[in-house]
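Residue numbers (my numbering): 41 to 414. Working notes for the structure below.
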Ligand code: PMP
């Protein structure tokens, strides 16, 4: 055959996700923990490696990890599902509650995978855009829910990439207003320290998402989990790939979860460093900083894409460019790195801003790409 039958038409306007990013000495683009696992955890892992049963399939439900997570959250294992990163669970919820003829209420700008997964599963995205300060438009959301046709609501709390949380009263109003599943995505919960967990008993439609990728330095292992009513977990179990969480990831996540108190100091330091970044950025003329409760900071400045390129090519620093996302024009997002990385970033930003000011003064640039840019 010299041709290929076309894929589903829903995929036509989806661009392929290529996670390969430019290489940089300082990578502050993906909201990871800048520190690898603590040394004693790495040593313990190495010790266990020799007789690790690589030849055996994993436990499909990650029972040991599931039980640990349930106990820590005062729940039963039936209320927990472990996934291949939070990403898989976001997708699985749409497989089970979305699909053709069903609707996801989304509040952009937010985590891009919500809308992409909706499109992939043939779910209609009902977008209620956030206000100019990135708070949710509570009245519009509640009015839309009152129409009674929404099947799923996704709320990132704190929101990525804007960094803000919503008032708890709004989240409770949403839970009360609908029987749709309400996913409160707490991927950055360890930094905001706010959780909707206390509301699970009263609101059966509440689903909470967490991940090991951020605070717990395990982005490479792809482990996330949801806390939900047992009936919700039961439905999700029908659509999930049985062996999606590999044995090695289950084992490492279990070890890290048991030792999670050792991350406390690091999490406090990340929060302190986030404030250093926010403060440092806001003291640069022409930069608008949005308050963050996560491990990253969103900021706006003129010609953001050119600044992004200056950071990469002139200073070997990679941040995330959101300037082509609606409502995020001229916005960049920087993840909190180590104190040295953050200092290097702030110093680079100071230099770039000063250079741009003096060039503008002498008419050598109109804000378009400068030295080192392609
Ligand atoms: N939710 C939000 C809001 C995120 O920002 C991310 C990661 N960027 C995830 C979920 C998924 O994280 P992971 O798949 O690494 O667990």
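Think of the CB as a built atom: it goes at the ideal place given N, C-alpha and C, for glycine as much as any other residue. Note that the structure is a prediction, hence the values are computed from the model and not measured.
Legend entry - Spatial distance of residue 279 from residue 273 (CA atoms): Straight-line Cα distance between these residues: approximately 10 Å.
Inset, instruction - Could you tell me if the beta carbon of residue 227 falls within a distance shorter than 8 Å of some heavy atom in ligand 1? - result: At least one heavy atom of ligand 1 lies less than 8 Å from the C-beta of residue 227.
Legend entry - Whole-number beta carbon distance between residue 203 and residue 332, since they are thought to touch under 8 Å: Residue 332 to residue 203, Cβ: 3 Å. Contact.
Inset, instruction - With residue 363 as the anchor, note down where its alpha helix (DSSP H) starts and where it stops. - result: Unbroken run through residue 363: none, as it is neither H nor E.
Legend entry - Whole-number beta carbon distance between residue 78 and residue 302, since they are thought to touch under 8 Å: With a beta-carbon spacing of about 6 Å, residue 302 and residue 78 fall inside the 8 Å limit used to define contacts.
Legend entry - Spatially closest choice to residue 150 from 193, 133 and 300, by CA coordinates: Check the Cα spacing between residue 150 and each of 193, 133 and 300: the tightest is with 193.
Inset, instruction - Going by CA-CA distance only, name the one from 73, 85 and 72 that's closest to residue 294. - result: Out of 73, 85 and 72, 85 has the C-alpha closest to the C-alpha of residue 294.
Legend entry - Per-residue burial, residue 69 [other beta carbons within 10 Å of its own, 16 or more giving buried]: Its Cβ being crowded by 16 or more others within 10 Å, residue 69 is buried.
Legend entry - Whole-angstrom distance between residue 130 and residue 238, CA atom to CA atom: Taking the straight line joining both Cα atoms gives about 21 Å.
Inset, instruction - Give me the Cα-Cα distance between residue 402 and residue 380, rounded to the nearest whole angstrom. - result: Answer to the nearest angstrom: the Cα atoms are 33 Å apart.
Inset, instruction - Give a yes or no on whether the C-beta atoms belonging to residue 71 and residue 335 are separated by under 9 Å. - result: Result yes, Cβ atoms of residue 71 and residue 335 sit closer than 9 Å.
Inset, instruction - Determine, using beta carbons only, whether residue 359 and residue 376 come nearer to each other than 9 Å. - result: Taking the C-beta atoms as reference points, residue 376 is found no nearer than 9 Å to residue 359.
Inset, instruction - Please confirm whether residue 326 and residue 342 have their CB atoms less than 9 Å apart. - result: Going by beta carbons, residue 326 and residue 342 fall inside the 9 Å limit.
Legend entry - Cβ-heavy atom distance, residue 83 to ligand 1, below 8 Å: Short note on residue 83: C-beta not closer than 8 Å to any heavy atom of ligand 1.
Inset, instruction - Could you tell me whether the stretch 282-301 touches the stretch 137-147, where touching means 3 or more Cβ pairs closer than 8 Å? - result: Contact fails between the stretch 282-301 and the stretch 137-147, because fewer than three Cβ pairs, one in each stretch, are under 8 Å apart.
Legend entry - residue 159 versus residue 166 - alpha carbon distance: So the alpha carbons of these two residues sit roughly 11 Å apart.
Inset, instruction - With distances taken Cα to Cα, identify the nearest neighbour of residue 89 among 185, 122, 289 and 253. - result: For residue 89, the nearest C-alpha among the options comes from 289.
Inset, instruction - In the DSSP assignment, find the alpha helix (DSSP H) that holds residue 81 and state where it starts and stops. - result: For residue 81, the enclosing alpha helix (DSSP H) stretches over residues 79-89.
Inset, instruction - Identify, in the order they occur along the chain, each residue of the same chain with its Cβ nearer than 6 Å to the Cβ of residue 368, setting aside the five sequence neighbours on each side. - result: Answer for residue 368: 149 and 362, listed in chain order.
Inset, instruction - Indicate whether residue 256 and residue 132 have their beta-carbon atoms separated by less than 9 Å. - result: Result no, Cβ atoms of residue 256 and residue 132 do not sit closer than 9 Å.
Inset, instruction - Report buried or exposed for residue 457, applying the criterion of at least 16 other Cβ atoms within 10 angstroms of its Cβ. - result: As displayed, the chain neither begins before 41 nor continues past 414, which places residue 457 out of reach and without an answer.
Legend entry - Under the three-state DSSP convention, the category residue 133 falls into: Residue state, collapsed to three classes: helix.
Legend entry - Given 8 Å, three or more beta-carbon pairs between the stretch 166-180 and the stretch 219-226: Short answer: they don't touch.
Legend entry - Beta-ladder partner(s) of residue 38, from DSSP: For the chain, the structure presents residues 41 to 414; residue 38 sits outside this window and is missing.
Inset, instruction - For residue 251, name the three-state secondary structure that DSSP assigns. - result: Here residue 251 sits in strand by DSSP.
Inset, instruction - Could you check the C-alpha separation between residue 98 and residue 262 for me, to the nearest Å? - result: The C-alpha of residue 98 lies about 14 Å from the C-alpha of residue 262.
Inset, instruction - Would you identify the three-state DSSP class for residue 120, choosing helix, strand or coil? - result: Strand, per DSSP.
Legend entry - For residue 54 and residue 156, the rounded distance between their alpha carbons: Going from the Cα of residue 156 to the Cα of residue 54 covers about 8 Å.
Legend entry - Assigned exposure category for residue 114 - 16 Cβ within 10 Å defines buried: Classification for residue 114: exposed.
Legend entry - Nearest-angstrom Cα separation, counted from residue 275 out to residue 162: Per the coordinates, the alpha-carbon of residue 162 lies some 18 Å from the alpha-carbon of residue 275.
Inset, instruction - Might you give, ordered along the chain, the residues of its own chain that have their beta carbon closer than 7 Å to the beta carbon of residue 106, omitting 5 neighbours on each side? - result: 117, 120 and 122.
Inset, instruction - Determine the extent of the alpha helix (DSSP H) in which residue 291 is found, giving its start and end residues. - result: For residue 291, the enclosing alpha helix (DSSP H) stretches over residues 287-298.
Inset, instruction - Could you tell me if residue 241 is buried or exposed, where buried requires 16 or more neighbouring beta carbons within 10 angstroms of its beta carbon? - result: Answer is exposed; the Cβ neighbour count stays below 16.
Inset, instruction - For residue 316, verify whether its CB is less than 8 Å away from any heavy atom of ligand 1. - result: Not so, every heavy atom of ligand 1 lies at least 8 Å from the Cβ.
Legend entry - DSSP-derived helix/strand/coil call for residue 167: Strand.
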